[in-house]
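2 protein chains.
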Amino acid sequence: MAKQQGRTRIQKKNRTTILEAALEVFSKFGFRGSTLDQIAKQAGLSKPNVLYYFPSKEAIHTELLSCLMETWLDPLLDMDANGDPKTEILAYMRRKLQMSRDFPRESRLFANEILQGAPHILGELKGELKDLTDEKAAIISGWMDQGLIAKSNAHHLLFSIWSLTQHYADFEVQVCAVLGCGGQEQYQQAEEYLDALFTKLLSI
Amino acid sequence: MAKQQGRTRIQKKNRTTILEAALEVFSKFGFRGSTLDQIAKQAGLSKPNVLYYFPSKEAIHTELLSCLMETWLDPLLDMDANGDPKTEILAYMRRKLQMSRDFPRESRLFANEILQGAPHILGELKGELKDLTDEKAAIISGWMDQGLIAKSNAHHLLFSIWSLTQHYADFEVQVCAVLGCGGQEQYQQAEEYLDALFTKLLSI
DNA sequence: AATTAGTTTGACCAAATGGTCAGGAAGACG
DNA sequence: CGTCTTCCTGACCATTTGGTCAAACTAATT
Numbered sequence: 063m064a065k066q067q068g069r070t071r072i073q074k075k076n077r078t079t080i081l082e083a084a085l086e087v088f089s090k091f092g093f094r095g096s097t098l099d100q101i102a103k104q105a106g107l108s109k110p111n112v113l114y115y116f117p118s119k120e121a122i123h124t125e126l127l128s129c130l131m132e133t134w135l136d137p138l139l140d141m142d143a144n145g146d147p148k149t150e151i152l153a154y155m156r157r158k159l160q161m162s163r164d165f166p167r168e169s170r171l172f173a174n175e176i177l178q179g180a181p182h183i184l185g186e187l188k189g190e191l192k193d194l195t196d197e198k199a200a201i202i203s204g205w206m207d208q209g210l211i212a213k214s215n216a217h218h219l220l221f222s223i224w225s226l227t228q229h230y231a232d233f234e235v236q237v238c239a240v241l242g243c244g245g246q247e248q249y250q251q252a253e254e255y256l257d258a259l260f261t262k263l264l265s266i
Numbered sequence: 063m064a065k066q067q068g069r070t071r072i073q074k075k076n077r078t079t080i081l082e083a084a085l086e087v088f089s090k091f092g093f094r095g096s097t098l099d100q101i102a103k104q105a106g107l108s109k110p111n112v113l114y115y116f117p118s119k120e121a122i123h124t125e126l127l128s129c130l131m132e133t134w135l136d137p138l139l140d141m142d143a144n145g146d147p148k149t150e151i152l153a154y155m156r157r158k159l160q161m162s163r164d165f166p167r168e169s170r171l172f173a174n175e176i177l178q179g180a181p182h183i184l185g186e187l188k189g190e191l192k193d194l195t196d197e198k199a200a201i202i203s204g205w206m207d208q209g210l211i212a213k214s215n216a217h218h219l220l221f222s223i224w225s226l227t228q229h230y231a232d233f234e235v236q237v238c239a240v241l242g243c244g245g246q247e248q249y250q251q252a253e254e255y256l257d258a259l260f261t262k263l264l265s266i
């Protein structure tokens, strides 16, 4: 983590540029489907120059993913055990849906990685992700036991939030094809629909 | 369609073998991440022999996808406008969940394709898929208008069935990492959870 | 201005990859 | 059995790809 901060301003700028370009390319074609040339071109740098800042294609991918993992967990971290259960869960769902809307590339990068068996981040999944999920699922189960929200499987409740919200980023092409829309109009409808869905689900 | 049936028994067998091998490989690494050598090895054939049965790597992929599209739409086709609304929708959801359990590779192949912008099947998405979806969404909306099930956005209701069920196949690694399970125990829990979810959602 | 440290690139390399082809092996069939 | 068609393969090819390197260029620093 520490050594990742480039020292000079030029290093900082170029590393950022490369990571941004890599996100664009990797999220579109997956790891094995992306080439260094594509990334270099997208970044406006030469290929050897890209490899001057990162030791390999894989290193770029790995750094991108580990940065992403934190971003991905943040909204869940914010779910407060002392808040109002229904409010907390709905707010978490809305934050995730916003992330799908605002960071679809990140969502697709993550989805690509998981789809292919998560070769680069299986450790984080079984570690950080599992731990945090277990912790928050326990909180939700607590709320259920106290009769504050309807009983259901807390882990699968979290899964359903993930899948329902990320679907709009990961399967955007399909959603747009079916709805016949080009832009982001679907997110307004999605929020209304998901709001209603989880409100009903959590009501006793 | 017609010319795809190999004439001789040996053709039939080998084409099937190749498609099965390709499914295994493509679903794991995506189109660009898979190689003809991998497919050939998986099929137990030589690379030139694979290319004797299919003109190119892309042709294998395309055929796989178009066969898949039908399989994928079938469960939705079965949803009957004259049946009991809640039963029909729940049964459709269960069929989709079973498909995730029994055909995860097919699900992942499809997900891979959509994730990358559906370059090979965008036409089918905007055609067959959209038409069928619109048709069934209209049926569901009709049920809602008649007060047989709770009102909500019918298109997004279908999206939610797709995302919730396919999640267990496409993100299997993640689900298993979080639940700490190796096999398919999650599908039992998933069915219970999703059953309850949609029952609540559809109840007036 | 001179020296040094940091940055950039064209040319290059080895390996992998999609695909071809001539000819050999194996079935089908009279 | 002989002929004809279908099936299969080793060797080969052009291109792409991740990655290297020496040399050139630029920015700091003294």
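In order, the protein sequence lines correspond to chains A and B. The opening residue of the first sequence carries number 63 in the working numbering; numbering runs sequentially from there. The opening residue of the second sequence carries number 63 in the working numbering; numbering runs sequentially from there. Quick reminder that beta carbons are idealized off the backbone N, C-alpha and C, glycines included.
Under a CB-based cut-off of 8 Å, is residue i close to chain B?
i, result
"VAL240 of chain A", "yes"
"ILE176 of chain A", "yes"
"HIS182 of chain A", "no"
"VAL237 of chain A", "yes"
"ASN249 of chain A", "According to the sequence provided, residue 249 of chain A is Tyr. The question's Asn does not apply to it. Answer no: the Cβ-Cβ gap between TYR249 of chain A and chain B never drops below 8 Å."
"ASP257 of chain A", "no"
"THR195 of chain A", "yes"
"PHE233 of chain A", "yes"
"ARG170 of chain A", "yes"
"GLY245 of chain A", "no"
"PHE221 of chain A", "yes"
Counting along the chain, where does the alpha helix (DSSP H) carrying residue i start and finish?
i, result
"ASP196 of chain B", "192-207"
"MET269 of chain A", "With chain A covering 63 to 266 only, the question about residue 269 of chain A has no answer from this structure."
"ASN174 of chain B", "166-177"
"ILE223 of chain B", "216-232"
"LEU187 of chain A", "Careful: LEU187 of chain A lies outside any alpha helix (DSSP H) and carries neither H nor E."
"LEU263 of chain A", "247-264"
Roughly how many angstroms lie between the CA atoms of residue i and residue j, to the nearest whole one?
i, j, result
"GLY244 of chain A", "ALA102 of chain B", "40 Å"
"SER225 of chain B", "ALA180 of chain A", "19 Å"
"LEU139 of chain A", "ALA143 of chain B", "44 Å"
"ALA173 of chain A", "PHE233 of chain B", "8 Å"
"GLU82 of chain B", "VAL237 of chain B", "26 Å"
"ALA84 of chain B", "LYS119 of chain A", "26 Å"
"LEU107 of chain B", "GLY95 of chain A", "25 Å"
"ALA216 of chain B", "PRO110 of chain A", "52 Å"
"ILE72 of chain B", "TYR114 of chain B", "12 Å"
"ILE122 of chain B", "ARG167 of chain B", "16 Å"
"SER265 of chain B", "TYR249 of chain B", "24 Å"
"LYS65 of chain B", "LYS74 of chain B", "Bear in mind that the predicted position of LYS65 of chain B carries a pLDDT of just 36, short of 50, making it unreliable; the figure below should be weighed with that in mind. Going from the Cα of LYS65 of chain B to the Cα of LYS74 of chain B covers about 12 Å."
"GLY68 of chain B", "LEU130 of chain B", "Residue placement at GLY68 of chain B is poorly supported in this model, since its pLDDT is 49, which falls under 50; the coordinates still yield a value, given next. In a straight line, the C-alpha of GLY68 of chain B is about 19 Å away from that of LEU130 of chain B."
"LEU187 of chain B", "VAL240 of chain A", "7 Å"
"PRO147 of chain A", "GLU253 of chain A", "19 Å"
"GLU132 of chain B", "LEU194 of chain B", "11 Å"
"LYS213 of chain B", "LEU263 of chain A", "15 Å"
"HIS218 of chain B", "LYS198 of chain B", "12 Å"
"ALA231 of chain B", "LEU177 of chain A", "9 Å"
"TYR126 of chain B", "SER222 of chain B", "Correcting the residue type first, residue 126 of chain B is Leu in the shown sequence and not Tyr. When rounded, the distance between both Cα atoms is 25 Å."
"GLN272 of chain B", "PHE88 of chain B", "Only positions 63 to 266 of chain B appear in the structure, and residue 272 of chain B is not among them; the question remains open."
"VAL112 of chain A", "THR79 of chain A", "10 Å"
"ASP136 of chain B", "TYR154 of chain B", "10 Å"
"ARG77 of chain A", "PHE93 of chain B", "29 Å"
Counting only beta-carbon separations shorter than 8 Å, does residue i have a partner in chain A?
i, result
"GLY95 of chain B", "yes"
"HIS123 of chain B", "no"
"SER345 of chain B", "No answer is possible for residue 345 of chain B: the residues shown for chain B start at 63 and end at 266."
"LEU135 of chain B", "no"
"PHE88 of chain B", "no"
"ARG156 of chain B", "no"
"LEU191 of chain B", "yes"
"ALA83 of chain B", "no"
"SER214 of chain B", "yes"
"LYS75 of chain B", "no"
"ALA173 of chain B", "yes"
"LEU187 of chain B", "yes"
"ALA297 of chain B", "Beyond the ends of chain B as shown, which are 63 and 266, falls residue 297 of chain B; an answer cannot be given."
"ALA273 of chain B", "The structure shown does not extend to residue 273 of chain B, since chain B is modelled only from 63 through 266, so no value can be given for it."
"LYS65 of chain B", "At LYS65 of chain B, the pLDDT of 36 sits below 50, so the modelled position is not reliable; the number obtained from the coordinates is stated separately. Not one chain A Cβ lies under 8 Å of LYS65 of chain B."
Where does residue i sit, in a helix, a strand or coil, going by DSSP?
i, result
"THR149 of chain B", "helix"
"LEU210 of chain A", "coil"
"THR70 of chain B", "coil"
"CYS129 of chain A", "helix"
"ALA239 of chain A", "helix"
"ALA180 of chain A", "coil"
Flag residue i as yes when its Cβ comes closer than 7 Å to any non-hydrogen atom of the ligand FMN, and as no otherwise.
i, result
"LYS148 of chain A", "In terms of ligand content, the structure shown is empty, and the ligand FMN therefore cannot be addressed."
Item to check | Length at least 3, wholly inside the stretch 78-119 of chain B: the beta strand (DSSP E) runs in chain order | outcome: Taking only runs of at least 3 residues, no beta strand (DSSP E) segment lies wholly in the stretch 78-119 of chain B.
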